[in-house]
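Engineer:
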């Protein structure tokens, strides 16, 4: 398994087909793919590609296509069978819940350094998706691509009239609100902590094409087992980073929480990280700075809101930490690097 974030190369087929349908010249599509050649590698029988390169490809493809919602459209049209045994097993699921649960629990088989979850809250199902490597940014098209795939999966069971309750994205809008409304057919919130798709929980019980539950669960168990092995095969510093990013903003990124998540005692985790020339505090601070840079590009968030999202005690603590690592204040970084106006509540001290 590659040690940097990767995704199955077959994921490129759907977006490329959409570009071709839109009349983008084959030479232009080939130029986009040529830029990826050096980032392709083999993982056993499967071709993989750097996740960072794939995200960049989607951003570039959207510009070629000329539609800001390219990722969403590519996801809605994506043929899951392209994902090999993973996609074929999802399509063989007996119901919506089983299909999405498999997506969440075996996601590492097709894409690493990422997380997808399914929760049910007050009669509403919430699918959450996020890339855990904070240095892969911007990633707007990728987020909408993945949510589009899940939306299409639900629509298989619910019918063409179905629409989500709401969608939220980490990023700012890259199309008009009218475009979002007509394509996603629901309320869309931008600048959220995670990318989410919400729908009535009753839809989870709707049947899909799968008939043989025993065969499905047998194949699904193998995929989930493979996904867990892939996660465990990552170097400890990467596993720690991923758990920190998952926990930030949810009150679960303390050293004890992270050690428990990676299956070690705090003492053992410290020892192993030290042997790798790293430490929990260094990884935590790096994650916070990387995430801060991303959040500062979301102009709707104040400095105080960003401090809260990153689990700082207050704005001052965030500013001191950011100045120490970035060499400037968060507000100045937003002004000079992101070329964004500073919200009144976030004026520099």
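In this note's numbering, the protein residues as written are 7 to 355. Backbone N, C-alpha and C define an ideal beta-carbon position, used for all residues, glycine too.
Where does residue 254 sit, in a helix, a strand or coil, going by DSSP?
Structural biologist: By one-based count along the chain shown, residue 254 stands at place 248. Three-state DSSP puts residue 254 in coil, outside helix and strand.
Engineer: Can you confirm whether the stretch 63 to 77 touches the stretch 134 to 143 when touching is taken to mean that 3 or more C-beta pairs between the two stretches lie within less than 8 Å?
Structural biologist: In this structure the stretch 134 to 143 does not touch the stretch 63 to 77; the number of beta carbon pairs closer than 8 Å is below three.
Engineer: Roughly how many angstroms lie between the CA atoms of residue 176 and residue 341, to the nearest whole one?
Structural biologist: Walking along the chain shown from the start, residue 176 turns up at place 170. Walking along the chain shown from the start, residue 341 turns up at place 335. Cα to Cα, the separation comes out at about 20 Å.
Engineer: Counting beta carbon pairs with one atom in the stretch 109 to 125 and one in the stretch 184 to 199, are three or more of them shorter than 8 Å?
Structural biologist: no
Engineer: So, are the CB atoms of residue 132 and residue 202 less than 7 Å apart?
Structural biologist: As a first step, residue 132 must be located in the chain shown, where it is residue number 126. As a first step, residue 202 must be located in the chain shown, where it is residue number 196. Yes.
Engineer: Return the CA-CA distance between residue 293 and residue 251, expressed in angstroms with no decimal places.
Structural biologist: As a first step, residue 293 is located in the chain shown; it is residue number 287 there, counting from the start. As a first step, residue 251 is located in the chain shown; it is residue number 245 there, counting from the start. Looking at the two C-alpha atoms, the distance is approximately 7 Å.
Engineer: Which residues in the same chain as residue 230 place their Cβ atom closer than 8 Å to its Cβ, once the five residues preceding and following it in sequence are excluded?
Structural biologist: Reading the chain shown from its first residue, position 224 is the one you call residue 230. 108, 111, 112.
Engineer: Helix, strand or coil for residue 199, going by three-state DSSP, please let me know.
Structural biologist: Walking along the chain shown from the start, residue 199 turns up at place 193. Coil at residue 199, not helix or strand.
Engineer: Between residue 267 and the ligand ATP, is the CB less than 6 Å from at least one heavy atom?
Structural biologist: As far as ligands go, the structure on display features none, and thus does not contain the ligand ATP.
Engineer: Taking 6 Å as the limit between beta carbons, can you name the residues of its chain near residue 155, skipping five residues before and five after?
Structural biologist: By 1-based counting over the chain shown, the position of residue 155 is 149. So the qualifying residues of the chain are 81, 84.
Engineer: For residue 59, does the count of other Cβ atoms within 10 angstroms reach 16, so buried, or fall short, so exposed?
Structural biologist: As a position in the chain shown, residue 59 is number 53, starting the count at 1. Per the 10 Å Cβ criterion, buried.
Engineer: According to DSSP, simplified to helix, strand and coil, what is residue 142?
Structural biologist: Locating residue 142 in the chain shown gives position 136, counting from the first residue. Note: residue 142 maps to coil in three-state DSSP.
Engineer: Relative to the C-alpha of residue 122, which candidate in 135, 307, 88, 35 has its C-alpha closest?
Structural biologist: Taking the first residue of the chain shown as position 1, residue 122 is located at position 116. With distances taken between Cα atoms, residue 122 lies closest to 135.
Engineer: Determine, using beta carbons only, whether residue 15 and residue 53 come nearer to each other than 7 Å.
Structural biologist: Within the chain shown, numbered from 1, the residue matching residue 15 stands at position 9. Within the chain shown, numbered from 1, the residue matching residue 53 stands at position 47. Against a cut-off of 7 Å, the Cβ pair of residue 53 and residue 15 comes out as a contact.
Engineer: Using 8 Å as the threshold, is the stretch 286 to 301 in touch with the stretch 254 to 272, meaning 3 or more CB pairs across them?
Structural biologist: Flag = yes, the stretch 286 to 301 and the stretch 254 to 272 touch.
Engineer: Does the structure place the stretch 298 to 310 close enough to the stretch 196 to 211 that three or more beta carbon pairs sit under 8 Å?
Structural biologist: yes
Engineer: Tell me whether the beta-carbon of residue 222 lies closer than 7 Å to the beta-carbon of residue 105.
Structural biologist: Here residue 222 is taken as the residue at index 216 of the chain shown, counted from 1. Here residue 105 is taken as the residue at index 99 of the chain shown, counted from 1. Not closer than 7 Å, so no.
Engineer: So who's on the other strand from residue 117, going by DSSP bridges?
Structural biologist: Taking the first residue of the chain shown as 1, we reach residue 117 at position 111. Bridge pairing for residue 117: 13 [DSSP].
Engineer: Could you have a look at residue 335 and say whether DSSP puts it in helix, strand or coil?
Structural biologist: Along the chain shown, read from residue 1 onward, the residue named residue 335 stands at position 329. Residue state, collapsed to three classes: coil.
Engineer: Exposed or buried, what is residue 336 when buried is set at 16 or more other beta-carbons lying within 10 Å of its beta-carbon?
Structural biologist: Counting from 1 along the chain shown, the entry for residue 336 is found at position 330. Result: buried.
Engineer: My understanding is that residue 148 touches residue 160, with C-beta atoms under 8 Å, so please give their C-beta distance in whole angstroms.
Structural biologist: The residue you call residue 148 lines up with position 142 of the chain shown. The residue you call residue 160 lines up with position 154 of the chain shown. With 8 Å as the limit, residue 148 and residue 160 do not qualify as a contact, their Cβ atoms being about 19 Å apart.
Engineer: Within this structure, are the beta carbons of residue 25 and residue 13 separated by less than 7 Å?
Structural biologist: By 1-based counting over the chain shown, the position of residue 25 is 19. By 1-based counting over the chain shown, the position of residue 13 is 7. No; because the gap between Cβ atoms is not below 7 Å, this pair is not in contact.
Engineer: Judging by CA-CA distance, which residue of 49, 86, 39 is the nearest neighbour of residue 64?
Structural biologist: Residue numbering aside, residue 64 sits at position 58 when the chain shown is read from its first letter. Its Cα nearest to that of residue 64, the residue 39 stands out among 49, 86, 39.
Engineer: Under 7 Å between the Cβ atoms of residue 310 and residue 321?
Structural biologist: Here residue 310 refers to the residue found at position 304 when the chain shown is read from its first residue. Here residue 321 refers to the residue found at position 315 when the chain shown is read from its first residue. Yes, these two residues count as a Cβ contact at 7 Å.
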